[in-house]
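Encoded as structure tokens, the structure appears first; notes follow it.
Number of protein chains: 2
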Amino acid sequence: MKKNNALYLISRIREAANKFIVQELEANGLKGVVPSHGDILVVLYGCDKCTMKELAQKIHRTKATLTVLVDKLIALKLIEKEKSPQDNRVTYIRLTPLGQSYKGIFEKISDELNNKLFKGFSDDETKNLVELLQKTRANIE
Amino acid sequence: MKKNNALYLISRIREAANKFIVQELEANGLKGVVPSHGDILVVLYGCDKCTMKELAQKIHRTKATLTVLVDKLIALKLIEKEKSPQDNRVTYIRLTPLGQSYKGIFEKISDELNNKLFKGFSDDETKNLVELLQKTRANIE
DNA sequence: TGATAATAGTTAGATATCGAACTATAATAA
DNA sequence: TTATTATAGTTCGATATCTAACTATTATCA
């Protein structure tokens, strides 16, 4: 634990970054939205529609968790459900116009967060960090 | 989000590491113990006793959360509470002999985790990663 | 001293999260 | 075709986590 505190630092960074995201979302009118909700919306900004299963995989949460998260985003009128005509088991999720309208906000927050996190980093340092993190991830996942 | 996925990698690493910890704890007889519980025990391996407030700060959780976590560890007979004679508001937490007995297990799991995470890393790479993470943390916290 | 403020810890209510069990539908095999 | 198996999604029960409100005790200040 003392010998190498990389994991401790990783936890602190992640927690602080999540806090930043939640604060910024609230400051931009999205109160009660947590990073996982944001992950869902960001996935949907990159594709027209998405099944529950695909969404769960992409945000690295179980289907059970996703059900709860999706219910909340529906209550906030940011996304909506739609039954697949081909396969009645499948539910598609897509953004509402309101959900679409927040795309710019999410891009802005993402940029601000990255600027903040890596302020003062040279291009080499950023590249180096990402490579080392990729290597770490490959070791553990 | 695409420009720089360092934070994404950080989340994945943290999640995988936590999973590893939970699995190893269970394999060593500590079923239902999550990393936060482990954090409490690890703090207590480094000091004789600790107040609730100090513990909460050290594991980076609120006092309310700590109350729940401590209750569980007491139920597992790994720690115990003790009222301060000087100040009746204060509660000390200390390890039971059973809790003490797991010290070696925690050290072993910590070592194994670090070996796994940073397998194939040169000393320079490890040092470099930690420095970059420290810099990142300083930027965001 | 007596009132007010500060501090330690718990409780209450909400929510994200998970695994396991469940329902409903589709695909496959006998 | 019918039975079995696989898949998509939800529900249930448990728990970690937070904020806000609360209780109890100690410290401060007028």
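So the protein sequences, as listed, match chains A and B.
If you read the first sequence in the numbering used here, its first letter stands for residue 6, the second for the next number, and so on.
If you read the second sequence in the numbering used here, its first letter stands for residue 6, the second for the next number, and so on.
Even glycine gets a Cβ: it sits at the ideal position worked out from N, Cα and C.
Closer than 7 Å at the beta carbon, the chain A residues around residue i
i, result
"residue 16 (chain B)", "19"
"residue 96 (chain B)", "Simply none; closest approach about 25 Å."
Within 7 Å, strictly: CB atoms of residue i and residue j
i, j, result
"residue 61 (chain B)", "residue 145 (chain A)", "no"
"residue 19 (chain A)", "residue 19 (chain B)", "yes"
"residue 48 (chain A)", "residue 36 (chain A)", "no"
"residue 138 (chain A)", "residue 143 (chain B)", "no"
"residue 78 (chain A)", "residue 42 (chain A)", "yes"
"residue 86 (chain B)", "residue 50 (chain B)", "no"
"residue 71 (chain B)", "residue 57 (chain B)", "yes"
"residue 15 (chain A)", "residue 114 (chain B)", "no"
Closer than 8 Å at the beta carbon, the chain A residues around residue i
i, result
"residue 144 (chain B)", "121, 122, 123, 124, 125"
Cutoff 7 Å; reference residue i; Cβ partners in own chain excluding five residues on either side
i, result
"residue 103 (chain A)", "82, 83"
"residue 67 (chain A)", "61"
"residue 131 (chain B)", "123"
"residue 53 (chain B)", "99"
"residue 32 (chain A)", "none"
"residue 44 (chain B)", "64"
Close-in-space but distant-in-sequence residues of the same chain around residue i (CB under 6 Å, 5 per side omitted)
i, result
"residue 40 (chain A)", "23, 26"
"residue 8 (chain A)", "Since pLDDT at residue 8 (chain A) reaches only 45, below the 50 mark, its modelled position is unreliable, and the value read off the structure follows with that caveat. So the list is empty, once near-sequence residues are dropped."
"residue 38 (chain B)", "30"
"residue 129 (chain B)", "none"
"residue 117 (chain B)", "none"
"residue 141 (chain B)", "none"
"residue 17 (chain B)", "none"
Spatial neighbours of residue i in its chain, beta-carbon cut-off 8 Å, leaving aside the 5 residues before and after
i, result
"residue 88 (chain A)", "95, 96, 97"
"residue 126 (chain B)", "134"
"residue 121 (chain B)", "25"
Chain-ordered neighbours of residue i on chain B, where CB pairs are closer than 7 Å
i, result
"residue 138 (chain A)", "11, 14, 15, 18"
"residue 130 (chain A)", "137"
Chain-ordered chain B contacts of residue i [CB-CB under 9 Å]
i, result
"residue 70 (chain A)", "Simply none; closest approach about 13 Å."
"residue 135 (chain A)", "9, 10, 11, 14"
Neighbour list for residue i in chain B, Cβ cutoff strictly below 8 Å
i, result
"residue 101 (chain A)", "Near residue 101 (chain A) there are no residues of chain B at all, since even the closest Cβ is about 21 Å away, more than 8 Å."
Distance cut-off 6 Å: residue i Cβ against heavy atoms of the ligand ZN
i, result
"residue 112 (chain A)", "Summarising the ligand content, the structure contains no ligands, and the ligand ZN is consequently not present."
| query | Fully enclosed by the segment 71 to 145 of chain A, which beta strand (DSSP E) runs are 3 residues long or longer? | reply | Within the segment 71 to 145 of chain A, the beta strand (DSSP E) runs of at least 3 residues that lie entirely inside it are, in chain order, 84 to 88, 96 to 100.
| Of the residues that make up the segment 50 to 67 of chain B, which ones have a beta carbon closer than 8 Å to any beta carbon in chain A? | 65
| field | Complete runs of the alpha helix (DSSP H) confined to the segment 13 to 55 of chain B [at least 4 residues] | value | 40 to 50
| Residues of the segment 22 to 33 of chain B with Cβ closer than 7 Å to any Cβ of chain A, in chain order | 22, 25
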